[in-house]
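In the numbering used here, the protein residues as written are 8 to 229.
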């Protein structure tokens with residue numbers, strides 16, 4: 008059985024968080040104990056003495072777990088983090104933090120889902136691109152792509168090159184935000200191309216305006 012999955016996206020705002028929430032909900036309904044981690048975050052909140060990634064906070068509410076930043080969002084790249092790292096990388100234990108969090112979550116759960124950050128190259132400046140992190144935690148990747156045909160394939164090809172470079176296995180692709188009237192057409196043509204690329208099409212999600220911004224109660228019921 009697969010023990011870890013990394014959810015990446017071809018670019019920002021394609022519905023990675025929403026798709027991840029749906030994946031978590033579906034797995035939990037089958038009785039699988041699912042853990043969550045946002046290994047590298049950029050958008051965060053300061054809750055008293057606790058600095059947490061916004062997505063990790065959202066998942067803690069939906070999945071009803073006690074949020075621990077060192078486990079669920081071990082690396083947060085705040086203001087000045089990238090230049091400080093470039094000045095002296097030896098002062099940062101980013102990879103060790105992620106590995107510690109991963110070890111704890113994998114011991115406590117049947118499956119751990121790691122949510123990526125932004126487009127595939129995000130994090131490269133601190134040697135933690137999405138492909139770097141997926142490789143580090145030993146996870147296969149599911150790639151979320153925004154619905155379309157030509158542009159979708161172009162973006163996916165670029166994204167795949169990053170993961171292939173690091174020998175990260177690609178488990179499949181989810182096409183998100185497809186115009187409802189074009190679902191059949193998109194499925195037909197993307198299936199043809201993905202078969203040629205030996206990539207599994209895991210699902211197609213029609214665009215739903217109510218899910219364009221993650222509303223916890225709505226997503227949990229979806």
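All C-beta atoms in this analysis are idealised placements derived from N, C-alpha and C, irrespective of residue type, glycine included.
Output needed for residue i: all residues of its chain with C-beta closer than 7 Å, excluding positions within five of it in sequence on either side, in chain order.
i	result
residue 95	none
residue 105	46, 81, 82, 140, 143, 144
residue 211	182, 185, 190, 193, 194
residue 146	11, 12, 13, 121
residue 209	149, 179, 180, 181
residue 200	160
residue 9	118, 147
residue 112	42, 44, 78, 119
residue 213	185, 187, 190
residue 5	The displayed coordinates of the chain run from 8 to 229. Any statement about residue 5 would go beyond what the structure contains.
residue 89	132, 133
residue 115	42
Residue i: buried (16+ other C-beta within 10 angstroms of its C-beta) or exposed?
i	result
residue 54	exposed
residue 20	exposed
residue 154	buried
residue 73	exposed
residue 23	buried
residue 130	buried
residue 86	exposed
residue 123	buried
residue 29	buried
residue 198	exposed
residue 26	buried
residue 110	exposed
residue 264	In the structure displayed, the chain extends from 8 to 229; residue 264 sits before or after that span and is not available.
Could you tell me which residues DSSP puts in a beta bridge with residue i?
i	result
residue 40	DSSP output for residue 40 lists no bridge partner at all.
residue 58	53
residue 210	181
residue 11	119
residue 47	82
residue 88	Partner(s): none; residue 88 has no beta bridge.
residue 147	12
residue 153	183
Might you give, ordered along the chain, the residues of its own chain that have their beta carbon closer than 6 Å to the beta carbon of residue i, omitting 5 neighbours on each side?
i	result
residue 50	61
residue 35	41
residue 117	39, 40
residue 92	99, 133
residue 196	156
residue 63	45, 79, 80
residue 6	No statement about residue 6 is possible, as the shown extent of the chain runs from 8 to 229 and does not include it.
residue 48	60, 80, 83
residue 176	147
residue 169	127, 138
Taking 8 Å as the limit between beta carbons, can you name the residues of its chain near residue i, skipping five residues before and five after?
i	result
residue 174	142
residue 108	44, 46, 77, 78, 79, 81
residue 221	Bear in mind that the predicted position of residue 221 carries a pLDDT of just 47, short of 50, making it too unreliable to give a figure here.
Can you find a CB in chain D that lies within less than 9 Å of the CB of residue i?
i	result
residue 101	Among the chains of the structure shown, chain D does not appear; only one protein chain is present.
In terms of alpha-carbon separation, which member of the options lies closest to residue i?
i	options	result
residue 16	9, 207, 162, 172	162
residue 126	97, 93, 164, 114	164
residue 135	69, 97, 113, 102	102
residue 215	124, 188, 75, 90	188
residue 31	56, 172, 71, 167	71
residue 172	206, 137, 33	137
residue 56	170, 75, 67	75
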